[in-house]
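Inspection log for the structure reproduced underneath, given as C-alpha cells.
In my numbering, the protein residues as written are 235 to 376.
Given below as C-alpha cells:
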C-alpha cells in the first residue's frame, strides 16, 4: 500500500493541467504542464492528409526527349575534329564513304567530297549477308 500512496503523491506533484494549444502550423493540441518536466504538446488528432488521386501529369504535354548526338557527331568527337578541318581529315572521309547510306552525313560535306548517296537504300533493310544471318538466326534455333 505504501507503493500506491507514493505513486499517488508523485502524480499529484506533477500537477497535470490540460489546456487547448494551437501551434504555428495551426494544429490543435493539448498542452500538458508538468512541474518536473516542463510544457509538452500532444496533438489531439493528426491533420487530415488528403490523398491526391489521379495522374498529376494528366493533360500536360509530354516533354521532349533529349537530343542525342548522331553517329557522325560521335565519330567527329572521337577523332577530335573541328568543323574547319572536317574536309582535310582522311579518317573522316573514309568513315563517310563507308557509312554514307547508313548514317547521317552533312550534305555540305558530301558535296565537298563529291560523295553520292544511293536514294534506293533504306536504313531499315540490312544489306549485308552477316546482318541477314544475324536477324534470321533466332528463327532457326527454336
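Using N, Cα and C, we set each Cβ at its ideal position, and we do this for glycine too.
Span separating the alpha-carbon of residue i from that of residue j
i, j, result
"residue 267", "residue 283", "In this predicted model, residue 267 has a pLDDT of only 49, less than 50, meaning its place in the structure is not dependable enough to derive any value."
"residue 305", "residue 329", "10 Å"
"residue 308", "residue 347", "20 Å"
"residue 203", "residue 302", "This structure does not reach residue 203, given that the chain is present from 235 up to 376, and the question cannot be answered."
"residue 337", "residue 353", "13 Å"
"residue 293", "residue 333", "42 Å"
"residue 327", "residue 341", "13 Å"
"residue 297", "residue 288", "19 Å"
"residue 335", "residue 285", "55 Å"
Test item: CB-CB of residue i and residue j under 9 Å
i, j, result
"residue 321", "residue 344", "no"
"residue 339", "residue 355", "no"
CB-CB length for residue i against residue j, believed under 8 Å
i, j, result
"residue 299", "residue 313", "About 27 Å; that fails the 8 Å criterion."
Buried or exposed by the 16-neighbour rule on C-beta atoms within 10 Å, applied to residue i
i, result
"residue 351", "exposed"
"residue 311", "exposed"
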